[in-house]
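K.L.:
Right, I'll just put the structure down here and ask away after.
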Ligand code: CP
Ligand code: NVA
């Protein structure tokens, strides 16, 4: 008999609003426990992956995602096995179908960074173990979990049932890309409004807008999506200003064209002021950062929470791997 198919994390769209909230909360609890003076690994995590190997198939570079997921696996007593694009036959010289069957017969899970999203979706389709998307051209769920952990930490709430972020506004200024798409899906599910300013021709594709609209149907309290080509319009009353690189991995050939198209989208204090951001606005960026998309003054300034956000990748990874590998997709 065919075993019960595993549950995968390919996008924030795979999570209900309650599950998203729980993963962020668990990340916060684990962070607090492990960083406390006693620094003990919570009982539920200790040895949770002992004797298990997690395959990490990365077809693109990575600092944060690699270090945070390998660290998360180590924290739970498991062994991460990093397999870079030159190490294994990931869609080159062997079908993803064959790779998926082989990897999943020997490991407890697959963490995969790919180019086209269909690659990670194909791996998942045939895998007997959970597949976690470590970045595809469409989604970056581990980043979004860390981002909402960061926002929740800097905007603490006493609500017992939600993260208490309803009514906040995020302004995304820059390229409509993988990091934005999962962030927008998450924001929608958590009741956070998101305004997206992109140059003409670089906006959210219609199909992706459909996915974000679907996310709004998962909760009565959905956050709203606004789109514009004018950065100041998106920034009006925003609590958080966020951007990412203008040239994602794989788009290097378009660098000159993109730098020209995005030149008025650089985040600076003057832009934030001109746009009328909230008085206490904060700045986020998934990193790696390049100076063209944000000024040093903002990036290294007191409003920037980017290094907290980067550290939170570890706590988010622990929470996600606990949910999807240790607890087999039962998020509690
Ligand atoms: N933010 C992020 O995913 O960074 P890396 O590409 O370094 O993993
Ligand atoms: N949008 C970027 C994110 C890197 C973490 C890329 O895809 O290269």
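Residue numbers (the UniProt record's numbering): 26 to 357. Glycine included, C-beta positions come from ideal geometry on N, C-alpha and C. The model shown is predicted, which means the values in this text are computed figures rather than measured ones.
Can you give me the Cβ contacts of residue 297 inside the same chain, cut-off strictly under 7 Å, excluding the 5 residues immediately before and after it?
P.N.:
Your numbering for residue 297 matches position 272 in the chain shown. Same-chain partners within the cutoff: 260, 266, 306.
K.L.:
Are the region 115 to 131 and the region 90 to 101 touching, with three or more C-beta to C-beta distances below 8 Å?
P.N.:
No, the region 115 to 131 does not touch the region 90 to 101.
K.L.:
By Cβ distance, which residues of its chain are closer than 7 Å to residue 26, with the 5 residues on each side in sequence left out?
P.N.:
Locating residue 26 in the chain shown gives position 1, where the first residue counts as 1. Reliability of the predicted coordinates at residue 26 is poor, the pLDDT of 49 falling under 50, and no value is obtained from them.
K.L.:
Could you pull the DSSP bridge partners for residue 105 from this structure?
P.N.:
Position 80 of the chain shown, counting from 1, holds the residue named residue 105. DSSP lists 79 as partners of residue 105.
K.L.:
Could you pull the start and end residues of the alpha helix (DSSP H) that residue 203 belongs to?
P.N.:
Working through the chain shown from its first residue, we reach residue 203 at position 178. Its alpha helix (DSSP H) spans residues 203 to 215.
K.L.:
Just to check, is the beta-carbon of residue 204 closer than 8 Å to a non-hydrogen atom of the ligand NVA?
P.N.:
Residue 204 sits at position 179 when you count from the first residue of the chain shown. Yes.
K.L.:
Within 10 angstroms of its Cβ, does residue 56 collect 16 or more other Cβ (buried), or is it exposed?
P.N.:
Mapped onto the chain shown, residue 56 falls at position 31. With 16 or more other Cβ atoms within 10 Å, it is buried.
K.L.:
Is it the case that the CB of residue 168 approaches a heavy atom of the ligand CP more closely than 8 Å?
P.N.:
The residue labelled residue 168 in the question sits at position 143 within the chain shown. Flag set: Cβ of residue 168 near the ligand CP.
K.L.:
With a threshold of 8 Å on Cβ separation, who are the neighbours of residue 163 within its own chain once the five nearest residues in sequence on each side are excluded?
P.N.:
Taking the first residue of the chain shown as position 1, residue 163 is located at position 138. Excluding sequence neighbours, residue 163 sits near 36, 142, 203, 206, 233.
K.L.:
Drop a sphere of 10 angstroms on the beta-carbon of residue 33, count the other beta-carbons inside from all chains shown, and report buried for 16 or more, exposed for fewer.
P.N.:
Taking the first residue of the chain shown as 1, we reach residue 33 at position 8. When all chains shown are included, residue 33 counts as buried.
K.L.:
Do you know how far the Cα of residue 257 is from the Cα of residue 294?
P.N.:
Mapped onto the chain shown, residue 294 falls at position 269. Mapped onto the chain shown, residue 257 falls at position 232. Those two C-alpha atoms are separated by around 12 Å.
K.L.:
Whose C-beta lies closer than 8 Å to the C-beta of residue 225 among residues of the same chain, with five residues either side of it excluded?
P.N.:
To locate residue 225, count along the chain shown from 1; it is residue 200. Contacts found: 254.
K.L.:
Tell me, please, which residues DSSP counts as bridged to residue 253.
P.N.:
One-based indexing of the chain shown puts residue 253 at position 228. DSSP output for residue 253 lists 222 as bridge partner(s).
K.L.:
By DSSP, does residue 344 sit in helix, in strand, or in coil?
P.N.:
Taking the first residue of the chain shown as 1, we reach residue 344 at position 319. Here residue 344 sits in helix by DSSP.
K.L.:
Going residue by residue through the region 256 to 339, where are the continuous alpha helix (DSSP H) segments of at least 4 residues, counting only ones entirely within it?
P.N.:
Listed in chain order, they are 256 to 260, 280 to 286, 294 to 300, 321 to 324.
K.L.:
Which stretch, first to last residue, makes up the beta strand (DSSP E) that contains residue 146?
P.N.:
In the chain shown, residue 146 corresponds to position 121, counting from 1. Run containing residue 146: none in the beta strand (DSSP E); it sits in the alpha helix (DSSP H), 142 to 151.
K.L.:
Under 7 Å Cβ to Cβ from residue 187, same chain only, skipping five residues before and after it: list those, please.
P.N.:
Translated into positions along the chain shown, residue 187 becomes position 162. So the qualifying residues of the chain are 46.
K.L.:
For a minimum of 4 consecutive residues, which ranges assigned as the alpha helix (DSSP H) are wholly contained in the region 154 to 207?
P.N.:
Listed in chain order, they are 166 to 179.
K.L.:
To which residues does DSSP link residue 138 through a beta bridge?
P.N.:
Walking along the chain shown from the start, residue 138 turns up at place 113. Looking at the DSSP assignment, residue 138 forms a beta bridge with 83.
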